[in-house]
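> Protein chains in written order, with the working numbering: chain A, 1 to 185; chain B, 1001 to 1106. Structure in structure tokens, see below.
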Amino acid sequence: MTTRDRYMLELEGMLTIIPEPQRKEWLYDYYIHFQQAVENGQSEEDAALELGDPKLIANEILLGYRVDQAESTSSFGKLSKAVFATVSLGLFNIIFILGPYLALAAVLLALWAVAASIGLAGLAVIAESLLNETFSMPQALTVSIITTAIAILLFIGLKALTASFYKMTLKYLKFNTRMVKGHNK
Amino acid sequence: MNIQFKKGVLEICVLVLATRGDRYGYELAVKISEKFEVAVGSVYPLLSRLTQDGYFSTYLKESNEGPPRKYYQLTQEGWSHMRRLIAEWESFTQSVNEIIEEGLKP
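Written as structure tokens, this is what we have:
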């Protein structure tokens, strides 16, 4: 097996999550690179060295792919994958990306939980009054209308907040990619 | 040179290199890495990102030997993006130079 084959196999093995034909297209760049390096009188070993560690290259390609995915479809699973792909590029990112991301995500989750429980509290008051007659029906209804209104307002606000958190995370990931990209060699 | 520093300007350089006719990936990657000492392999992801953002269009062209080469062509959007980056770069370097000159004045 030649150096080129080994390099290409290693790279391809780490990019299996990227679907065809995208993966083929990205790998083609590296395949052609070897070809042309040899045409220019370089050895395959030199070309592999010059290209850089396939692991780092794969990390960079994956990061680009994850960010793209998170951008084209809004999903928190995909956003988190993009965050983790960035983190895998270096220790530096654990402090500047993962930490703030997890903290903010936790705060958002807590706020959603608060909104949900306020909404549920209204229903609980009605149920409680039906079962144990703690409050009269008009009282219970008034309380539940107020809490439901508060919950709805919170939901609307949180939705906007979550959307902007999503957008800002992506923006920051892209900025960060540009800053740290290719720190090997 | 500082690594983080380099990374920010790679994009400008790739775009500028492509203004003189269409370039193929290998040419761009080698030119850039010679000057900046970045791994050649990390130029390709940058090229695909710029292509995806619509700043480059690519096409394959047969070569005399071996498989077809991938050529990168600067799009209209690519041109205006490049001009924007250059303007940013110029005002940035100007500020830095001013501070350096002020600071080193005897």
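Glycine included, C-beta positions come from ideal geometry on N, C-alpha and C.
#1: Quick one: Cα of F155/A to Cα of A103/A, how far?
#2: Which of the three DSSP states is assigned to Y1055/B in this structure?
#3: If I follow the unbroken alpha helix (DSSP H) through Q1094/B, where does it start and stop?
#4: Residue ranges of each alpha helix (DSSP H) run of no fewer than 4 residues wholly in the region 94 to 149 of chain A, ordered along the chain?
#5: Is the shortest distance between the beta-carbon of R1049/B and the beta-carbons of chain A less than 9 Å?
#6: Any idea what DSSP makes of Q35/A, helix, strand or coil?
#7: So, is F51/A buried or exposed, given that buried needs 16 or more other C-beta atoms within 10 angstroms?
#8: Alpha helix (DSSP H) containing L9/A: first to last residue?
#9: Which complete alpha helix (DSSP H) runs does the region 38 to 72 of chain A hold, if anything under 4 residues is left out?
#10: Would a check of beta-carbon distances place V1040/B closer than 9 Å to chain A?
#11: Could you check where the alpha helix (DSSP H) with S1033/B kicks off and where it finishes?
#12: Which same chain residues end up closer than 7 Å to Y1044/B when comparing Cβ atoms and leaving out the 5 residues on each side of it in sequence?
#13: Report the residue from S72/A, E25/A, A37/A and A110/A whose alpha carbon sits nearest the alpha carbon of I187/A.
#14: At 8 Å on the CB atoms, spell out the chain A contacts of K1070/B, in chain order.
Reading it off the structure:
#1: Spanning the alpha carbons of F155/A and A103/A requires a straight line of approximately 20 Å.
#2: DSSP places Y1055/B in coil when its eight states are reduced to three.
#3: Taken as a continuous stretch (DSSP letters only), the alpha helix (DSSP H) holding Q1094/B covers Q1076 to L1104.
#4: Segments of the alpha helix (DSSP H) lying fully in the region 94 to 149 of chain A: 99 to 132.
#5: Using beta-carbon distances, R1049/B counts as an interface residue toward chain A, with a partner under 9 Å.
#6: For Q35/A, the secondary structure class from DSSP, reduced to helix, strand or coil, is helix.
#7: Note that residue 51/A is Leu in the sequence shown here, rather than Phe. That one is buried.
#8: Note, L9/A: alpha helix (DSSP H), T3 to M14.
#9: Taken in chain order, the complete alpha helix (DSSP H) segments of 4 or more residues contained in the region 38 to 72 of chain A are 44 to 51 and 54 to 72.
#10: Cβ-Cβ to chain A under 9 Å: yes for V1040/B.
#11: Counting along the chain, the unbroken alpha helix (DSSP H) around S1033/B starts and ends at G1025 to F1036.
#12: Contacts found: G1025 and A1029.
#13: Only positions 1 to 185 of chain A appear in the structure, and residue 187/A is not among them; the question remains open.
#14: Y28, D29 and I32, listed in chain order.
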